[in-house]
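Colleague: In the order they appear, the protein sequences are chains A and B. Position one of the first sequence corresponds to residue 1 (our numbering), numbered consecutively onward. Position one of the second sequence corresponds to residue 419 (our numbering), numbered consecutively onward. Okay, here's the structure, questions in a sec.
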Amino acid sequence: MTGLPLEGIRVADFSWFGAGPIGAQTLATFGAEVVRVESEKHVDSLRVVHPFALNPDGTFKSGYNVSGYFNNFNAGKLSITLDLNSEKGQAIGHRIIEKSDVFVTNFTPRVIDKWNLRYEQLAAINPRIIAAYAPMQGMEGPNRDFLGFGAVLTPVTGISYMSGHPHRPPIGVGTNYPDYVINPGHTVTGILAALRYRNRTGTGQRVELPQLESVATTLGTAVANYLANGIVESRTGNRHPTYTPHGAFRCADDPESVGSNDRWVAIACRDDGEWRALCQALGQSHVAADPRFATAAARKANEDALESTVGGWVRERRAEEVMETLQAASVPAGVVENAQDMLDRDEHLKARGYYVYLDHPETGRSAYDGPAMRLSETPGVLRAPAPLLGEHTMDVCERILGMSADEVADLLAEGVLA
Amino acid sequence: MADRALAGLRVVEFADETASYCGRLLADLGAQVIKVEPPGGGRERHTPPFYRDQDSPDTSIAFWVHNTSKQSVVLDLETVDGRAMARKLALTADVILEDNPVGWMGERGLGFEELRREKPALVYTSVTGFGQTGPHAGYAYTDIVGQAMGGIMTLAGEPDDPPVEIYGNQANVSASIQAAQGTLLAVLSSEQTGRGQLVDVSAQEALSMAQETAMQTWDFQRKNRTRTGARGMIPVDLPAMGVHQTLDGHVTAFVLAPAGAGFPALVDWMRERGMAADLDDEPYASISGELNMGWITRLMSDPAAAQDVLPKVQHISDTVAAFFRTMTTVDCYIEGQNRRLLIGIVSTPKTLAEDRQLRARHWFTRFDAEFLGESVEFPGVPYRLSETPAVIQRPPRLGEHTAAILGALAGQTDVAR
């Protein structure tokens, strides 16, 4: 007995890449048994892309089990390999779903059709199933078969156009941002709401999360501003409609920061009080009352001058020192942290134990993102590192599906469990 | 109306910018979310843009988007009476949602421990910049600080520019989404066991996963991912990879990535339009036939070959870019996708509002804003639950429900609670 909120819930995780697997990982962290269905014949691409763990001699480890990209999204799951392009494989897939409470996928509608995983088909097998689909643009509609993945989705949702410096084209945000929190988080929110409904009524349902709709919801202000006012907002860099100064300011270089020595601090003043506090904390009290900067309206009107003034105050200081000085005066400020900071240098994250280190048979001890929701009585736990490809094929077939060893051997020989 | 997934769940929200989106998610799913607001409203009610330039606490679009389907009660928590009423209201809740500085609620008699003593089943969700514990728990926070300390800002933009935030208060949104999951997990647990708990969400931690591979790259290889801008790690423009100008905007292409029809299919399209130029001649024809990300990766591992071939690759890129510039954004996107090419529209607020997929799926909704004398068209919800759809109702005017909710509360005895 774990006492976790999802104890006794089984999840059939027919997903890949980021958006699907991360959501299923959250369910595993809070007690669900998650069966991740994969195939050697078409492995999840994240298993074979960087970053790879290193050998002692500094060369990259190889194989399907050494990518940190994959592993960080799949901790605590069981992995079965199953060829869903075969009829027998589909039948086994259906048996897993029959024994599950939740089904998750982010495959395209076309693949869902091919593998016979449409909601009506699953509900016929298991009427209580909560089946979550996270296609790019929806299970229906004129663009339902449009191709995409995170890198395409970021511009399609509007994030690229709205983010970045105004003098640059809409180059995106450096990552496939919606894949990691927005889409998996919305998916899990929908699943948990559906679980509550099922607890009360016994009824399962389909949860559809078109990734386009999920992300566009978070850009609702810009969309609603166009609908209401006909205004097409665009990139404003780090500037805020009312808070000022509001941006990232360069500090003294840090030779210990690996990869790039440039260091930056984000600073935001939400009102005149925070502006005066900032001036005082940085020893520039006389500037607080400068008519160019004394009020938010004045600072907005003179924002270039404001930014170069503040920039000058911090350029020779260490970013950490600027942050601490401003925070001591209750001014929002934070170092623009890189991964080195977050894992090794941020004492706050260490004290909270956010990152979890797990022993993995191929990568060795390695870091995983911990759960970002800390439940005091039922804290989530990463019970195991990410599974090796097919690590639990036998276990799932025998323990969950009740197959005999002979049956499993035959299916292995036929290449169905591959 | 259809059944609601969160019917019967009462949430009392003491939240402004950081957690309001969490409250909205719960409210659209059918929870009764009562937002307790200070006189005059919080920061979000005063954030532009405003509906038709009407600058008032009731007409902030930024507020609306994070506060649909809620009820609003104004209480002054700086007064004894206000606090007493807030406490009484809080004890009727199944869930408290708050995003105040650490300790602020406790100082007003509304902290987790105080309320739990009287109501053991209570779920209490706190959403802050850095969480309830640790050396930075008391740090002042706003969205850009979360994006900075959450590790995503350092990855965004051109290397020569300052690191840049992602639009849409994404630290607040991410923290809210993590909080919505945590709240519902705790609700499931409380409804099973009768035991409530604290759900502690830090915006910094909420964004960590969005570093993509940066965290693991440091962990495995002791290398920091840095912002690499439009070109990524390759010193030239790759053909049909990344953002491209069109007649009236931009598209983003990933034609060399494995999932789509591939580069030769793009050259076919260019040829049909008479825009293939010299791509059918050597050496470009041979290169075009082989171009994909695997080929580029192999090329880059042989510096001598790369030096010879990359200028030719740049020429192909320029030819493709000229082709894209002859089409409108929407035509390039639709026709490219019809050809199974990985091409995405760089959507603007306008093209999203006109998007044929969103329109065909009736994603947009409407609510009556009788106080404006109008019906307002509004962006929709993130998901569709077939039995218990999320439904948007008009965001509340400031204090709109004060009399009704406090009146009902006054009529309740402690025993009835």
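Where a beta carbon is used, it is the ideal one built from N, C-alpha and C, also for glycine.
1. Can you give the beta carbon distance from R47/A to S67/A, rounded, assuming they're within the 8 Å contact cut?
2. Using a C-beta to C-beta distance shorter than 8 Å, which residues of chain A count as neighbours of E536/B?
3. Are there 16 or more other CB atoms within 10 angstroms of the CB of P332/A, so buried, or fewer, so exposed?
4. Identify, in the order they occur along the chain, each residue of the same chain with its Cβ nearer than 7 Å to the Cβ of A808/B, setting aside the five sequence neighbours on each side.
5. In this structure, does DSSP put K114/A in helix, strand or coil?
6. Please classify A19/A as buried or exposed, where buried requires at least 16 other C-beta atoms within 10 Å of its C-beta.
7. Starting from V430/B, follow its DSSP beta bridges and name the residues at the other end.
8. What are the start and end residues of each continuous beta strand (DSSP E) run of 3 or more residues lying completely inside the region 20-52 of chain A, in chain order?
9. Where do the ends of the beta strand (DSSP E) carrying Q211/A lie?
10. Assuming R784/B and E795/B form a contact by the criterion Cβ under 8 Å, report the distance between their Cβ atoms to the nearest whole angstrom.
11. To the nearest angstrom, how far is it from the Cα of T747/B to the Cα of D773/B?
12. Just how far apart, CA to CA, sit V563/B and I714/B?
13. Taking E347/A as the reference, give the member of E362/A, L358/A, E324/A, T363/A with the closest Cα.
14. So that I know if they touch, is there some Cβ in chain A lying closer than 8 Å to that of Y702/B?
15. Q639/B touches chain A at which residues, Cβ-Cβ below 7 Å?
16. Who are the Cβ neighbours of D838/B in its own chain at under 7 Å, not counting the five residues just before and after it?
17. Taking Cβ positions, are A193/A and L803/B nearer each other than 8 Å?
18. What do you get for L816/B, buried or exposed, if any count of 16 or more other CB atoms within 10 angstroms of its CB means buried?
19. Looking at chain A, is there any beta carbon in it that lies within less than 8 Å of the beta carbon of Q775/B?
20. Taking DSSP's pairing of strands, which residues face S544/B in a bridge?
21. With a 10 Å radius around its C-beta and 16 neighbouring C-beta atoms as the bar for buried, classify F548/B as buried or exposed.
22. Give the residues of chain B in contact with R118/A, contact being defined as C-beta atoms less than 8 Å apart.
23. So, do the region 300-314 of chain A and the region 539-555 of chain B have three or more beta carbon pairs nearer to each other than 8 Å?
24. Can you tell me which residues form a DSSP beta bridge with R802/B?
25. Which partner residues of F672/B appear in the DSSP bridge assignment?
26. Under a CB-based cut-off of 8 Å, is V381/A close to chain B?
27. Bridge partners for D13/A per DSSP, in chain order?
28. Going straight from the alpha carbon of T744/B to that of Q565/B, what length do you get?
29. Any Cβ of chain B within less than 8 Å of the Cβ of V247/A?
30. Would you mind giving the Cβ-Cβ distance between T29/A and V381/A, rounded to the nearest angstrom? I have them listed as a contact below 8 Å.
31. Check the Cβ of Y161/A against every Cβ in chain B and list those closer than 7 Å, keeping chain order.
32. Can you tell me whether DSSP reads Y133/A as helix, strand or coil?
33. Just to check my reading of the structure: L6/A and A24/A have Cβ atoms closer than 8 Å, yes? What is that Cβ distance to the nearest angstrom?
34. So, with DSSP's three-state summary, where would you put R757/B?
35. Does Q639/B come out as helix, strand or coil in the three-state DSSP assignment?
36. Can you give me the C-alpha to C-alpha distance between H435/A and L443/B, rounded to a whole angstrom?
Modeller: In short:
1. Counting from one through the first sequence, the residue named residue 47/A turns up at place 47. Counting from one through the first sequence, the residue named residue 67/A turns up at place 67. About 5 Å; that satisfies the 8 Å criterion.
2. On the second sequence, residue 536/B is found 118 positions in, with the first residue counted as 1. Simply none; closest approach about 17 Å.
3. Sequence index remark: in the first sequence, residue 332/A carries index 332 (1-based). That one is buried.
4. Locating residue 808/B in the second sequence gives position 390, counting from the first residue. Closer than 7 Å at Cβ, skipping near neighbours: D446, L447, V799, Y801.
5. To locate residue 114/A, count along the first sequence from 1; it is residue 114. Residue state, collapsed to three classes: helix.
6. Start at 1 with the first residue of the first sequence, and residue 19/A comes out as number 19. That one is buried.
7. Along the second sequence, read from residue 1 onward, the residue named residue 430/B stands at position 12. I452/B, I514/B.
8. 33-38
9. Here residue 211/A corresponds to residue number 211 of the first sequence, with the count starting at 1. Premise fails: Q211/A lies in the alpha helix (DSSP H), 211-218, not in any beta strand (DSSP E).
10. Taking the second sequence and counting its residues from 1, one reaches residue 784/B at position 366. Taking the second sequence and counting its residues from 1, one reaches residue 795/B at position 377. The pair is a contact, with the Cβ atoms about 5 Å apart (cut-off 8 Å).
11. Translated into positions along the second sequence, residue 747/B becomes position 329. Translated into positions along the second sequence, residue 773/B becomes position 355. Cα to Cα, the separation comes out at about 12 Å.
12. Taking the first residue of the second sequence as position 1, residue 563/B is located at position 145. Taking the first residue of the second sequence as position 1, residue 714/B is located at position 296. Going from the Cα of V563/B to the Cα of I714/B covers about 37 Å.
13. Start at 1 with the first residue of the first sequence, and residue 347/A comes out as number 347. Ranking E362/A, L358/A, E324/A, T363/A by Cα distance to E347/A puts E324/A first.
14. By 1-based counting over the second sequence, the position of residue 702/B is 284. It does not: the Cβ of Y702/B has no partner Cβ on chain A nearer than 8 Å.
15. As a position in the second sequence, residue 639/B is number 221, starting the count at 1. Result: P51, L54.
16. In the structure as shown, chain B begins at 419 and stops at 835. Residue 838/B is therefore absent and cannot be evaluated.
17. Locating residue 193/A in the first sequence gives position 193, where the first residue counts as 1. Locating residue 803/B in the second sequence gives position 385, where the first residue counts as 1. Contact flag set, yes.
18. For this step, residue 816/B is matched to residue 398 along the second sequence. It counts as buried.
19. In the second sequence, counting from the first residue as 1, residue 775/B sits at position 357. So yes, Q775/B belongs to the interface.
20. In the second sequence, counting from the first residue as 1, residue 544/B sits at position 126. Looking at the DSSP assignment, S544/B forms a beta bridge with E516/B, D618/B.
21. Start at 1 with the first residue of the second sequence, and residue 548/B comes out as number 130. Its Cβ being crowded by 16 or more others within 10 Å, F548/B is buried.
22. Mapped onto the first sequence, residue 118/A falls at position 118. Neighbours of R118/A on chain B: none; closest Cβ ~12 Å, over 8 Å.
23. no
24. The residue you call residue 802/B lines up with position 384 of the second sequence. The partner list for R802/B (beta bridge, DSSP) reads E208/A.
25. Locating residue 672/B in the second sequence gives position 254, where the first residue counts as 1. For F672/B, which the question treats as bridged, DSSP gives the partners M659/B.
26. Locating residue 381/A in the first sequence gives position 381, where the first residue counts as 1. No, V381/A does not count as interfacial toward chain B.
27. Taking the first residue of the first sequence as position 1, residue 13/A is located at position 13. Partner(s): R36/A, V104/A.
28. Translated into the one-based positions of the second sequence, residue 744/B becomes position 326. Translated into the one-based positions of the second sequence, residue 565/B becomes position 147. In a straight line, the C-alpha of T744/B is about 38 Å away from that of Q565/B.
29. Locating residue 247/A in the first sequence gives position 247, counting from the first residue. Residue identity differs from the one stated: residue 247/A is Gly in this sequence, not Val. Closer than 8 Å to some Cβ of chain B, the Cβ of G247/A qualifies, so yes.
30. The residue you call residue 29/A lines up with position 29 of the first sequence. The residue you call residue 381/A lines up with position 381 of the first sequence. With a Cβ gap of about 6 Å, T29/A and V381/A count as contacting.
31. Here residue 161/A is taken as the residue at index 161 of the first sequence, counted from 1. Per Cβ cutoff of 7 Å: V764, S765, T766.
32. The residue given as residue 133/A occupies position 133 in the first sequence. Reduced to three states, the DSSP call for Y133/A is strand.
33. Along the first sequence, read from residue 1 onward, the residue named residue 6/A stands at position 6. Along the first sequence, read from residue 1 onward, the residue named residue 24/A stands at position 24. Not a contact, Cβ separation roughly 11 Å.
34. Within the second sequence, residue 757/B is the residue found at index 339, counting from 1. Coil, per DSSP.
35. In the second sequence, residue 639/B corresponds to position 221, counting from 1. Helix at Q639/B.
36. With chain A represented from 1 up to 418, any question about residue 435/A goes unanswered, as that position is not in the structure.
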